[in-house]
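Participant: One structure follows; several queries about it will come next.
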Amino acid sequence: MPDLIRINKFLAQRGIASRRKSDELISQGRVCLNGIKLSSPGAMVDPVKDTVSVDGVKIDAGLLPEHLTYLMLNKPAGYITTLKDTHKRRTVMDLVPGVKGVFPVGRLDKDTTGLLIMTNDGRLCHRLMHPSFEMDRLYEVTIAGQVKASDISRIERGVDIGDGKASALKVLDIINDKFKTVVRVSLHEGRKRQVRKTFEALGYKIKELTRTGYAGLKLDLQTGSYRHLSEKEVSLLKKGVGIT
Numbered sequence: 062m063p064d065l066i067r068i069n070k071f072l073a074q075r076g077i078a079s080r081r082k083s084d085e086l087i088s089q090g091r092v093c094l095n096g097i098k099l100s101s102p103g104a105m106v107d108p109v110k111d112t113v114s115v116d117g118v119k120i121d122a123g124l125l126p127e128h129l130t131y132l133m134l135n136k137p138a139g140y141i142t143t144l145k146d147t148h149k150r151r152t153v154m155d156l157v158p159g160v161k162g163v164f165p166v167g168r169l170d171k172d173t174t175g176l177l178i179m180t181n182d183g184r185l186c187h188r189l190m191h192p193s194f195e196m197d198r199l200y201e202v203t204i205a206g207q208v209k210a211s212d213i214s215r216i217e218r219g220v221d222i223g224d225g226k227a228s229a230l231k232v233l234d235i236i237n238d239k240f241k242t243v244v245r246v247s248l249h250e251g252r253k254r255q256v257r258k259t260f261e262a263l264g265y266k267i268k269e270l271t272r273t274g275y276a277g278l279k280l281d282l283q284t285g286s287y288r289h290l291s292e293k294e295v296s297l298l299k300k301g302v303g304i305t
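Read in this note's numbering, the sequence shown has 127 at position 66, and its numbers run on one by one without any break.
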């Protein structure tokens, strides 16, 4: 017989959450076992054969450190941030040929370019994506024309982006040109298409949107290329989410 363990113990052993917090994740419908959403904390798991995911992120049974992979990718426009696409569109996996087992940390929409972390470290991925850690994200937004001064204050106070909640960005810099403006912003929330929707809600046409920083890392790659993160960079990511 396989060595089965309770799902909350499995999650706690992998640093996802305490057993009590794991029970809360299950009651919130955020944990799946072999693709089926769990409703009971009493589920038993075979750590070797079963697949467990939290918020859609697979939690690995426990890869050894030498088998963990951490990449930075500069995603071009036109690629979908997913492992597979049923419509046979290009995905970010096409940009890392020969690298097996990694998955993207979060998402960039098809038309957004820039920094994307990819890894097979499920524990780190889950924590980076969890809103409680408020990972810094830096973006450069290139819009047609000029930005009104009054809209800058609105952006920082918060704009309704369609879900009834105010979405606030911190404006870091503004670079004006005759026909365009580049606005550099930062945010913590990471709601879906948050930056794009904020500017569009104010009537601006976005020509280009690029993520230039994430969780303390800065983009330093040509478009479409990737590299392995250094030990220092991996340590920075882990420190930011309380992994020692």
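For every residue, glycine included, the Cβ atom is placed at its ideal position computed from N, Cα and C.
Count the other CB atoms, across all protein chains shown, that sit within 10 Å of the CB of L233; report buried if there are 16 or more and exposed otherwise.
Facilitator: Exposed, since its Cβ has fewer than 16 Cβ neighbours within 10 Å.
Participant: Pairs of beta-carbons, one from the stretch 172-189 and one from the stretch 208-224, closer than 8 Å: are there three or more?
Facilitator: They do not touch, by the three-pair rule.
Participant: By how many angstroms is the C-alpha of R80 removed from the C-alpha of A73?
Facilitator: Looking at the two C-alpha atoms, the distance is approximately 6 Å.
Participant: With DSSP as the reference, label M62 as helix, strand or coil.
Facilitator: Note that M62 scores a pLDDT of 44, beneath 50, so its modelled location is shaky; the value from the coordinates is reported in the next line. Note: M62 maps to coil in three-state DSSP.
Participant: At what residues does the beta strand (DSSP E) containing R151 begin and finish?
Facilitator: From DSSP, R151 is part of no beta strand (DSSP E); its letter is neither H nor E.
Participant: For N95, does the count of other Cβ atoms within 10 angstroms reach 16, so buried, or fall short, so exposed?
Facilitator: By the neighbour-count rule (16 or more Cβ atoms within 10 Å), N95 is not buried but exposed.
Participant: For L282, I'd like the list of residues in its chain whose CB is within less than 6 Å of its CB, leaving aside the five on either flank, ordered along the chain.
Facilitator: These residues qualify, in order along the chain: N135.
Participant: Should M62 be labelled buried (16 or more other beta-carbon atoms within 10 Å of its own) or exposed?
Facilitator: Caution applies to M62, whose pLDDT of 44 falls short of 50 and renders its modelled position unreliable; the model cannot decide the point.
Participant: Relative to the C-alpha of Y131, which residue among E292, T305, G303, I304 is closest?
Facilitator: Checked all of E292, T305, G303, I304; the closest Cα to Y131 is E292.
Participant: Does the distance from the CB of V208 to the CB of I235 come in under 9 Å?
Facilitator: Cβ distance < 9 Å, so V208 and I235 count as in contact.
Participant: Specify, as a first and last residue, the run of the beta strand (DSSP E) that M196 falls within.
Facilitator: Neither: M196 is in no beta strand (DSSP E) and is coded neither H nor E.
Participant: Out of K231, I204, V157, which has the shortest C-alpha to C-alpha gap to F240?
Facilitator: Selected option, being the one with the closest Cα: I204.
Participant: Could you name the residues that DSSP lists as bridge partners for R254?
Facilitator: Paired residue(s): none; R254 is not in a bridge.
Participant: Note down the Cα distance separating H249 from V115, rounded to an integer number of angstroms.
Facilitator: Rounded to whole angstroms, H249 to V115 spans 20 Å at the Cα level.
Participant: Taking three-plus beta-carbon pairs below 8 Å as touching, is the stretch 212-221 in contact with the stretch 151-168?
Facilitator: Flag = no, the stretch 212-221 and the stretch 151-168 do not touch.
Participant: By alpha-carbon positions, which one of T259, A78, V109, D238 ends up nearest to N231?
Facilitator: Per the sequence presented here, residue 231 reads as Lys, with Asn not at that position. Ranking the options by Cα distance to K231, first place goes to T259.
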